[in-house]
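S.K.:
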Amino acid sequence: MFFNVSSSSGWIEVVCGSMFSGKTQELIRRLRLANIARQKVQVFNSHLDVRYGKEHLVSHDKSMLPSRPARTARDVLKETDHDTQVVGIDEAHFFGEEIVEVCQKLANSGKRVIVAGLDQDYRGEPFVNMAKLMAVAESVTKNLAICMVCGNPAHFSQRLTDSAKRIEVGSGDKYEARCRKCFKPEK
0 MFFNVSSSSG
10 WIEVVCGSMF
20 SGKTQELIRR
30 LRLANIARQK
40 VQVFNSHLDV
50 RYGKEHLVSH
60 DKSMLPSRPA
70 RTARDVLKET
80 DHDTQVVGID
90 EAHFFGEEIV
100 EVCQKLANSG
110 KRVIVAGLDQ
120 DYRGEPFVNM
130 AKLMAVAESV
140 TKNLAICMVC
150 GNPAHFSQRL
160 TDSAKRIEVG
170 SGDKYEARCR
180 KCFKPEK
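Reading the sequence shown from the start, the letters are residues 0 to 186 in numbering that gives the first Met the number 0.
#1: For the structure I just gave you, are there three or more beta carbon pairs, one from the region 29 to 38 and one from the region 146 to 166, closer than 8 angstroms?
#2: Tell me which residues share the same chain as G9 and place their Cβ nearer than 8 angstroms to its Cβ, disregarding the 5 neighbours each side in the sequence.
#3: Rounded to whole angstroms, how far is the Cβ of N128 from the Cβ of G21, which I believe are closer than 8 angstroms?
#4: Taking all protein chains shown into account, decide if A72 is buried (16 or more other Cβ within 10 angstroms of its Cβ) or exposed.
#5: Would you mind reading off the limits of the beta strand (DSSP E) that contains N142?
#6: With 16 other CB atoms within 10 Å as the buried threshold, where does N3 fall?
#7: List the endpoints of the continuous beta strand (DSSP E) containing C15.
#8: Measure the C-alpha to C-alpha separation of I35 and F94 and round it to an integer number of angstroms.
#9: For T140, count the other beta carbons within 10 Å of its own beta carbon; 16 or more makes it buried, fewer makes it exposed. Which is it?
What follows is the structure, encoded as structure tokens:
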């Protein structure tokens, strides 16, 4: 979705959904378009996500874009250059509620902020920071995956391991996309 927006007006775009729904792929696509438009882009990812590398956003289909690892949302704010026009943030659910304030400050300073992250955890419980980001964003895109059990549209992330930690970084070795019918939150 594109609007005729003044280059000095900031805004927030959120791309959310389950594991394997194409969130990072969509973030990379939007950031590449901004690069093609000769806009100054900075990209950040959580330091926790090292599945495919430390200094790149990498989608499950192996699309890549250089990024900076950040420990906290405040690090994103501190490391964003004054003349940056577009800020991309992946795995926003890893940053906690502070990410909402950081995205608001970046947008209020005139930057386009594109944020991607899970909207729910493996139990189907919303990530509060993502819910708040969706509430303050000008644009929200919710991606669906394909259920690995029945092939229907899926918006849940089924954990396949016994870990009780809310944040467990993984890929197809630890998660599957599931539809409402096939999702088993007790797993």
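Virtual Cβ for every residue (Gly too), placed ideally from N, Cα, C.
Quick caveat: nothing in here was measured; it's all calculated off a predicted structure.
M.R.: Quick answer:
#1: no
#2: L105, A106, N107, S108, G109, K110, R111, V112
#3: Contact doesn't hold; Cβ gap of about 21 angstroms is too wide.
#4: That one is buried.
#5: 138 to 142
#6: Per-residue confidence for N3 stands at a pLDDT of 49, beneath the threshold of 50, marking its modelled position as unreliable; no derived number is given.
#7: 10 to 16
#8: 29 angstroms
#9: buried
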